[in-house]
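Single-structure report; data block below.
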């Protein structure tokens, strides 16, 4: 009887080992196809350069998905800063850099959108 128990335990260990290997391969394939990285872009704003870091990846249809945008700029907080914050939300919501600029903050808007376009252009094709 002890042999049967030992044999069953050995089969269970083999089964679990194979299952873990299959899960590891599936996980590696999933991570490779949906890898999100951060891409940087810079453009001229009203009072200096606007630097962006865009977290993005390509989805199954090879379209770019933007999940986060971090911005550093020297534009005025009350005008350029508000415009840039608004544009960050618009770009993420619409998943596009083809959004309307904010009136009254044209240079900041244009600089931000150009920086994001530069960053997004770096996302590799699948």
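Residue numbers (UniProt numbering): 1 to 126.
Quick reminder that beta carbons are idealized off the backbone N, C-alpha and C, glycines included.
Residue interval of the beta strand (DSSP E) (run including residue i)
i	result
residue 65	64 to 72
residue 49	49 to 58
Local Cβ density within 10 Å of residue i, reported as buried at 16 or more and exposed below that
i	result
residue 22	exposed
residue 56	buried
residue 75	buried
residue 15	exposed
residue 18	exposed
Whole-Å CB distance - residue i paired with residue j, under 8 Å assumed
i	j	result
residue 123	residue 64	5 Å
residue 111	residue 41	No, residue 111 and residue 41 are not in contact; Cβ-Cβ is about 10 Å, not under 8 Å.
residue 52	residue 116	6 Å
Same chain only: Cβ atoms within 7 Å of residue i, ignoring 5 sequence neighbours per side
i	result
residue 102	83, 86, 87, 109
Those residues which DSSP pairs with residue i across a bridge
i	result
residue 39	54
residue 44	49
Host alpha helix (DSSP H) of residue i (start-end)
i	result
residue 83	82 to 94
residue 117	106 to 120
Cβ-based neighbour list, residue i, same chain, cut-off 8 Å, excluding 5 preceding and 5 following
i	result
residue 92	66, 67, 68, 69
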